[in-house]
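Below: one structure, written as structure tokens.
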Amino acid sequence: MAITETRAIVLRLIEFSETSLVVTLLTRDFGKLTGLAKGARRPKGPFEAALDLLNVCHVLVLPKSGESLALLTGAKLERRFRAGQRDLARLYAAYYVVELLLELTDEGDPQPELFALAEQTLHDLDGNSDITRCLIRFQLQALRILGHVPRLESCVGCGSALPAEGSVSFGFLAGGLLCPRCAPGERQRVRLSSKARQSLQSAVAAGDRLDFELAVPARGELHGLLAQYVTHLIGRRPKLLAWANVWLRREAAGSKVPHVDAEQGPQPPATDSDQA
Ligand SMILES: [Zn+2]
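Per the numbering used here, the very first residue in the sequence shown carries number 106; after that it's consecutive.
Pasting the structure below:
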């Protein structure tokens, strides 16, 4: 196979030798891809320090053959994620996106739409967009692209119409809203308030846009619902969820995030040994 150029987001870096890295990327054309980047730890060379967590780059890839890893032969930086230097809440939110991308995707399964969504989400988080809105949109759109969009228009159990207003049950196994008749038979379910239900429907209808209805009391509830749904799909609780209160609290209060010492912050997925 020939060397191919593609665009990529850096999801994980593992030191392989004094000069080399094993890099996991979300690429536009190959999906998730793990490759060896020889010489990437040298300041000068074909990688020009482009391979840093959350960066968007152009990479040159020699796809894997058989059991060997793919080889990365060069990279050029397109965009660096800078918000982490000024706002740790944005950094944690970006790490959460990366954790979900690592967990929800398979190697060698190209999803150009997911790549575009991830790139847009990191771009918005790097700017001044509302973090909770960015994450709600990211999770809903990623679930749709990957075939797990929750059903909201009628009962996911029996297909019957749902009460037009008021609170309603959401079933994680069934993957959507449940009518009062089906809800008691579902083991994994939560009650969704009327406001959260409206916000969820508005967010789904908004598609790629961030200007959906999101009532303040519904923020934490909706975030919690999607996080629990994702937890159900990947089979464990995302590690970065422990830090979600940093951005949720701040945005709910409309105030500045309380200072969080970087030393106490979460480790990026890249350096997490049990994910390596
Ligand atoms: Zn039903």
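The beta-carbon is built from N, C-alpha and C at its ideal position, and this holds for glycine as well.
Cβ-heavy atom distance, residue i to ligand 3, below 7 angstroms
i           : result
residue 286 : Questions concerning ligand 3 fall outside what the structure shown contains, since the ligands it does hold are ligand 1.
Under 8 angstroms between C-beta atoms of residue i and residue j
i           : j           : result
residue 219 : residue 198 : no
residue 101 : residue 283 : There is simply no residue 101 to check, as the chain begins at 106 and stops at 381 in what is shown.
residue 118 : residue 156 : yes
residue 267 : residue 243 : no
Sequence-distant residues of the same chain with beta carbon closer than 6 angstroms to residue i, five excluded per side
i           : result
residue 106 : 168
residue 214 : 136
Where residue i falls, given that 16 or more other Cβ within 10 Å makes a residue buried
i           : result
residue 124 : exposed
residue 260 : buried
residue 321 : exposed
residue 356 : buried
DSSP state of residue i mapped onto helix, strand, coil
i           : result
residue 253 : coil
residue 162 : strand
residue 267 : coil
residue 125 : coil
residue 276 : strand
residue 344 : helix
residue 108 : coil
residue 360 : Its pLDDT being 46, under 50, residue 360 is placed unreliably in this model, and the value from its coordinates should be taken loosely. Here residue 360 sits in coil by DSSP.
residue 119 : strand
Cβ-heavy atom distance, residue i to ligand 1, below 7 angstroms
i           : result
residue 265 : yes
residue 437 : The question about residue 437 has no answer here: the residues shown for the chain are numbered 106 through 381.
residue 262 : yes
residue 283 : yes
Beta-carbon proximity list for residue i, same chain, < 8 angstroms, skipping 5 on both sides
i           : result
residue 174 : 127, 139, 140 and 141
residue 153 : 180, 181 and 182
residue 108 : 165, 166, 167 and 178
residue 116 : 129, 130, 131, 137, 158, 203, 206, 207, 374 and 375
residue 239 : 198, 226, 229, 230 and 315
Chain-order list of residues whose beta-carbon lies under 7 angstroms from that of residue i (same chain, five-residue window excluded)
i           : result
residue 111 : 132, 133, 134, 135, 164 and 166
residue 280 : 253, 255, 256 and 261
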